[in-house]
Structures are given as C-alpha cells and as structure tokens.
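Quick note: the first sequence uses my numbering, first residue 84, plus one each step.
Backbone N, C-alpha and C define an ideal beta-carbon position, used for all residues, glycine too.
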Amino acid sequence: MSVLVITEKPLACKKIAKILDEKNSPKLVKLKNVEYYRAERGGKVLLLVPAIGHLFTVSHKKEEGKGNFEYPVFDLKWVPNYEKLALARKKNRQYYQYKNLLDIFKKVSQVCNEYIVACDYDIEGSTIGYKILEYCIGGERVSIAKRMKFSSLTEREIINSYECPMPSLNFNLIESGICRHEVDYLFGINLSHALTLSTTKLEKINFYLLTIGRVQGPTLAELVEREKSILQFIPEDYWKIKGFLKFQGKKYPIECVKKRFYDENEIDRVLDRCKNKQGVISDIKKSDFYRNPPVPYNLSGLQDDAWNFFKYNPSTTLKIAESLYLKSLISYPRTSNQVIPKSLNINQIIQSLEKCTEYKSLCDELLKLQLVPNKGKKTDPAHPPITPTGNIPAEGLNKTEKNIYNLIVYNFFSIFGQPAKFEKTKYKVMIDTDTFYLTGQNLVDKGWLKFNPIVAKGLKAEGLPPFNLGQIFDVELKKEKKQTKPPARYNPNSIRKWMEKNEIGTKSTRSEIIKKLYERKYIKNKLIEPTKIGMSLIDVLKRYVPEILSVEMTRELERMMNKIEMGEIHKDDVINNVKERLMIILGKFKADEMSIGKSLEDSIIKTYEEQSIIGKCPNCDGGTLKILYSKKTKKRFIGCSNYPKCTTSFPISQKGKITPLNKYCKYCEDEFGKKYPMVRLQLPKKRPFTTCVNWANHKKRTDKTKGDLKDE
DNA sequence: GCAAGGTC
84 MSVLVITEKP LACKKIAKIL DEKNSPKLVK LKNVEYYRAE RGGKVLLLVP
134 AIGHLFTVSH KKEEGKGNFE YPVFDLKWVP NYEKLALARK KNRQYYQYKN
184 LLDIFKKVSQ VCNEYIVACD YDIEGSTIGY KILEYCIGGE RVSIAKRMKF
234 SSLTEREIIN SYECPMPSLN FNLIESGICR HEVDYLFGIN LSHALTLSTT
284 KLEKINFYLL TIGRVQGPTL AELVEREKSI LQFIPEDYWK IKGFLKFQGK
334 KYPIECVKKR FYDENEIDRV LDRCKNKQGV ISDIKKSDFY RNPPVPYNLS
384 GLQDDAWNFF KYNPSTTLKI AESLYLKSLI SYPRTSNQVI PKSLNINQII
434 QSLEKCTEYK SLCDELLKLQ LVPNKGKKTD PAHPPITPTG NIPAEGLNKT
484 EKNIYNLIVY NFFSIFGQPA KFEKTKYKVM IDTDTFYLTG QNLVDKGWLK
534 FNPIVAKGLK AEGLPPFNLG QIFDVELKKE KKQTKPPARY NPNSIRKWME
584 KNEIGTKSTR SEIIKKLYER KYIKNKLIEP TKIGMSLIDV LKRYVPEILS
634 VEMTRELERM MNKIEMGEIH KDDVINNVKE RLMIILGKFK ADEMSIGKSL
684 EDSIIKTYEE QSIIGKCPNC DGGTLKILYS KKTKKRFIGC SNYPKCTTSF
734 PISQKGKITP LNKYCKYCED EFGKKYPMVR LQLPKKRPFT TCVNWANHKK
784 RTDKTKGDLK DE
C-alpha cells in the first residue's frame, strides 16, 4: 500500500514530488490526460496527485439548470465542479479535465492506506484537500489523514513538514472554508434570483440576468457613490497665469507663486503690474532627489504598470500573465509576494536571458554587479514574486504578450539597480514685486533606469540651461480662465486598487469581478460610469439589503471565520444566522417585487436604448442611427430614427458586440462628402476590429479593417 | 443564464 499526497496545483505537485523522492527523480505517470507522480521515500511509495484548485463547489438541491430561479434557496449541497459544468451544458475540455482528475483521485486512493493533504495552508487549500478526501475515502476515514504544513516550497520545509506532519487535518480551518463558500452562495444566489425574477415577471422583459454578491455589491456601490459626487459637484471659476520666460528663441514655462486666483480683479492687478516688465532671477536653489529601484512584481504591481504604460485592463494583464506562465516564460503570476527568495537562482536566469539579443547588453552589465535585489513589504507563503524563468520565447509572442513579458523582464533587471539620481533646479523669477518659479530637473545618474527602457522612455527629465543670479529675461504672461474639477472617475485599475485597499475580493478575482460589472451592463466606459441599471440597482439594494453594499460585510465574515477557526463558534450557527437574515430580506423583497421590478425594468430598457445608438445619420437632419431589429426576420441592422421619412440603413453582423466609437470614416468623407460613423465589432473568440457602417460601399473593401479614423 | 474562490 502507498501514501496519497494531495496538492493544490500541478506546479506544486511537481516540486514536492522532486523534493520528497530520495533520488530526486519521481516517476511521472500519465493516465486519462492526468499527470501525477510516483516517488519513493523511507521504504514507502508516495503517489502525489495535484488538484486544479477547487474540484468541488456549492450547489443547491433543486438546481436543474436553466430557468429555475426560484427563491429562497436554502438547501445547499456540495457537488464536483464538473457536474456544474454539465448543468450549464458545457461538456467541454474543462469538464473532462475535472472529471478525469476526480476519477484518478478515486482510483489512486484505493491503492493507498495513508493520506496526506499538502495543499496551501489556508482556508481554501484546506477545503480543497478535505473535499477530495471526503469524496475518495468517505467522511469517516478522513480522520486518519495527516496534514503537511509549510509556508514555502523549499527543500527544508517540505521534508520537515513531511517527516513531522500534523497528525490530523485542521477541521476548524476546513469548516471555516466551507462556511465562506456557503455564505457567499446563500447571499449571492438568493439576491441574484430575487433581482432577476422581479423584472422577469413584468411584460417588457423576457429575461434579464441581474446579479449581486459580497464583492460585486460594495464595488458597484463605490462607483455609484463616485458618480453621484461628480454629478453633485458645482464647478467654481478661477483664473491662473500662464507664463513663459524667453531665452534664445525658446520658451520656458514659469509658475506664479499664487497658483489659483478666485478673484478676477486680483489677477488683473498682478498682470497690470507685470505688464511690459522683465523677469530677474533672484534666487537659485539646487537639490538632489532620488528615485529608488522598483520592488519585485506581484500581481498588483504588474497590473498597475500594465495599466500605466499600456492601458491594459487588469483582467487582460492577468490573462496574458497566465499564458506566459503556461509557456514557462514567467513564474506563477497569482502572487502577492514582493521579496525575492534566497533560493532563486538569479544568475542563472540572467545568463539564460543573455542569449536573447534584445536583453544581451543589459544582462552583461548586470552580471558584472553584485546582485542584491530590492524588496517590498508584501510576502506570500505560497509563491515568490513574478520573475522571468530564463526560458526564451520560442515562437513569437503577440504584441500584448511581448509588452507584458518585457515589463516583467525589465522589472526583474531593475530591482538590482542603484537609485536614480536627479538634480532639481528651482529659479526664483521676480517680475516687479511678483514671484514666479521656473523649475527643471536633470537626470545625473541613471542608476536602475538604465535597466528599464520602458520606464526610462516615459520619463520627463528635461533640464534647463544654466542661468545666473541677476540674469534678466523677457517674459510673456497670459490670463487663463479655468474651472475647478469634480473628483476623477475610476478606471478598471484604480477601482481594482480600491478593492485591494479595502480588502474585498482576492488578487485573482478582483479584475474578474470588475469585468463582470461591465458584462452585466452595470457600468460602462474606460473612465467608469455606472449605467442606469447600475444606478437603480444600488437604489433598490440600499433600501432592502444595505449590508450587501458594504465592505463591512466582508469584515464581519472574516471575524466569523476566525471564530470558527478558534473553535469559538460552529459553522452551522453562522449559516443559520445568515438564513434568518435572508428570510426577512427576501420576504420584504417578495412583497415589493412589482415595484422593484418596475424601476429596474425602466433602467434596463433605457440602458439598452442608449447603447443601441451608433451615431448621427449622414443623410438627414437630426436623425440618429440605431441598432434595430427587423420585425419580419428578427435580424438586426442599423437604421435611422427618422424612418419612414429617412430610409437610411446598413447591414451589420448578426453576431458579436457592437460598440459606437464616436468617430466617423475618413474614407467616406473624402469619397462621398458625408460623415458615416465607425463602430467596433467584437466577434466571439476573435480580435475586435474597427469598421465603417458604410464599408460595403468602399471601393477597396479591405479599408473596413483599417483604423482610418478622424475625431468628430 | 446565478456568488466568490481556487486553478489549468
């Protein structure tokens, strides 16, 4: 008989197998497309099988797939992941992957008499391991299973945690994990069903999916809150001086010591005083400042830079990073670690990257240094920071992949660099009795910046010519009228950071949940604006379930789970409490179902109408082109709102998502002298492309995919 | 067709 070792993921399985095998060469077994390992240690045979995250999930007893949105849903059960996929009619590759894996687990467990859980030592990892064992050997016998507890995949920790495992699973931790799943399910499914059914029962809407949960709720609420403060903002007029100092045919911007004038008379007095006067340099201050090298990337850091330099969505960044990881080009991306572990072979990685001509000179330079990596504050027991592995991309990466990969390589290089040194010069410029400043900065020592062309390129470090004390210049001063600005809108990255700060969601789920808010049409645009649906959803929830909109709900859940971990309370108490609360909430909801549905229905219809607008009609006055549906064929097309007076219409793809671009086609303007709107078309599983609504009349049909745009 | 959390 053998020992079954369960790990959370394939990568960890491979590492643990290699460490535990006495010859460090475990045998790879492939069965039904599943890979696991056979190792030998201390006269025992170890069979190490990896999960792929959760293999089980919560469901409810009456769930019969499509169409059943009854509530309340209180009778929960746990089912294998693949069963859920089957319910969703998704018997895809993933379905068979999960199903085969569970089959293998069951099969392997039958030739074992010892069981060890080696998943991450946290509530999710504990739940993953327990659910698999329960399925394989039954709830009773799980009591004989042991637990490896380690905080990093190093040889010392792995061997130690294997030789001295915890004598049993941590059942409190497992209970709290199960509890977390069930609480999220109870709130999420019940409230989503209640919202969805409220509009379904009305005439105008056949079915519109509305969802809400512990993380979606507060995130949407924050976006709506921001929108309200933008709408309520009353701009205030102010004036500022736009000034230049002239020197050898060049103009250098100077700033008045008083940056904003709220009284127009005051700024006029200053400008009067300065009229026809020259500026004198009355003081020179030089100071050095340093910009430290970056800390190693964790997922958040990578998402941040990918947004700052390339405006990639956090969810795109995660997806690309995952694909680079699966190609073995970078380490595991779902990490929060910012500290390079001592065990990482830095030299080897750089030597491997040296073979790539693009990085060769930087690698050569790095290899001359003593390599001490900079580090950040965050650590992660499960994974190191994101670094290149040293493998060179074999086939070409696409542009997005290449950009993300370069960010990771250059960040890795930069962490070994010295601080970059800048010299700041501040000239005090007096014009009559008024004070202005001219500032510039010079990069005097590139430090780490020489290892990071992406950051260096975006740097503004324009120096000033050396001026002398008492030097006199002609100046140019103008009055500019300005208005105070409302608070800035969130973008997908800044709202992700807000979630991170408030500790809702996890590093791997935040960007997905933001994406979900877009998919549900709760929010729109890159500078995020809630739609009418988003606004009225928050209105309804504020009245009936304010708790689902607060970050405090997550805090409370965490407190409850801590208490379960400490053995102070039982999971059932928490679940029963949630059910009682939901009973009251759902009761009120049901009573007011019609009025709730009505207000949501109006918003849904309006949001759809808004989003169907493509642009102005090129052939009539005041007409609007819209996506319409033919009554006869039920197919969609683009038509003018002035029909039947105006019969302008265009065919459009029946599949895919159409987004107006607020731009018109340059080709058509030159050719026909009319403004035809451009749209973006996203066909399923294809790259989105830009096209003119009138592309069928272009001479060269290929023009439809060219971004030949002109702003309106 | 639904949550949030793991992971390929």
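Length of the line joining the Cα atoms of residue i and residue j
i: K160; j: I288; result: 32 Å
i: D786; j: P133; result: The pLDDT assigned to D786 is 47, lower than 50, so where the model puts this residue is not dependable, and the model offers no usable value.
i: K115; j: L640; result: 40 Å
i: I587; j: T637; result: 7 Å
i: P379; j: A95; result: 21 Å
i: H137; j: T90; result: 11 Å
i: I272; j: P155; result: 9 Å
i: D203; j: F254; result: 15 Å
i: I261; j: G479; result: 43 Å
i: N525; j: P536; result: 17 Å
i: K342; j: R352; result: 15 Å
i: D685; j: E240; result: 59 Å
i: L129; j: P467; result: 26 Å
i: V117; j: K229; result: 24 Å
i: N494; j: N576; result: 19 Å
i: V776; j: L610; result: 26 Å
i: A503; j: F372; result: 8 Å
i: R263; j: G126; result: 40 Å
i: K662; j: F139; result: 22 Å
i: K718; j: L407; result: 40 Å
i: S695; j: P743; result: 8 Å
i: Y198; j: A169; result: 30 Å
i: T788; j: L766; result: Confidence is the limiting factor: at T788 the pLDDT is only 45, short of 50, which leaves the residue's position unreliable, though a coordinate-based value still follows. Roughly 13 Å between the two C-alpha positions.
i: L185; j: S142; result: 18 Å
i: K728; j: K671; result: 49 Å
Span of the alpha helix (DSSP H) around residue i
i: C439; result: No alpha helix (DSSP H) contains C439, which DSSP labels as neither H nor E.
i: N693; result: As written in the sequence, residue 693 is Glu, which differs from the Asn given in the question. Where E693 is concerned, the enclosing alpha helix (DSSP H) stretches over 676-694.
i: T282; result: 254-283
Member of the options whose CA lies at the smallest distance from the CA of residue i
i: E123; options: T400, A134, V117, L111; result: L111
i: Q453; options: V422, K482, T282, F496; result: F496
i: Y573; options: L306, P250, V191; result: L306
i: K425; options: L624, Y415, E238; result: E238
i: M618; options: L303, Y627, E217; result: L303
i: P464; options: K232, K509, F556; result: K232
i: I616; options: K565, T279, M677; result: T279
i: G680; options: L624, L711, G722, M643; result: L624
i: E676; options: K145, L274, S259; result: L274
i: K598; options: T400, I668, A779, P416; result: T400
i: I697; options: T730, K746, G650; result: K746
i: C703; options: L252, T730, K689; result: T730
i: H781; options: L764, R763, F720, Y759; result: Y759
i: E602; options: P416, T483, Y291; result: Y291
i: P163; options: E217, K540, Q737; result: E217
i: L409; options: A779, P93, C751, P727; result: P93
i: E484; options: L449, K458, I413, R309; result: I413
i: Y268; options: T282, K284, P248, I295; result: I295
i: K540; options: K749, W322, K458, K529; result: K529
Cβ pair residue i, residue j closer than 8 Å
i: C357; j: L521; result: no
i: N381; j: K461; result: yes
i: V340; j: T589; result: no
i: E361; j: V558; result: Note that residue 361 is Gln in the sequence shown here, rather than Glu. Contact: yes.
i: Y605; j: T592; result: no
i: C446; j: I433; result: yes
i: I491; j: I469; result: yes
i: T690; j: K699; result: no
i: Y395; j: A389; result: yes
i: M666; j: V657; result: no
Endpoints, the beta strand (DSSP E) within which residue i is located
i: W581; result: That residue, W581, is in no beta strand (DSSP E); its alpha helix (DSSP H) goes 575-584.
i: V88; result: 85-90
i: T589; result: Neither: T589 is in no beta strand (DSSP E) and is coded neither H nor E.
i: Q566; result: 555-566
i: M513; result: 503-514
Strand pairing of residue i, partner residues [DSSP]
i: A95; result: Beta-bridge pairing links A95 to no other residue.
i: R124; result: K127
i: T742; result: R763
i: Y154; result: DSSP lists no partner for Y154.
i: N525; result: E506
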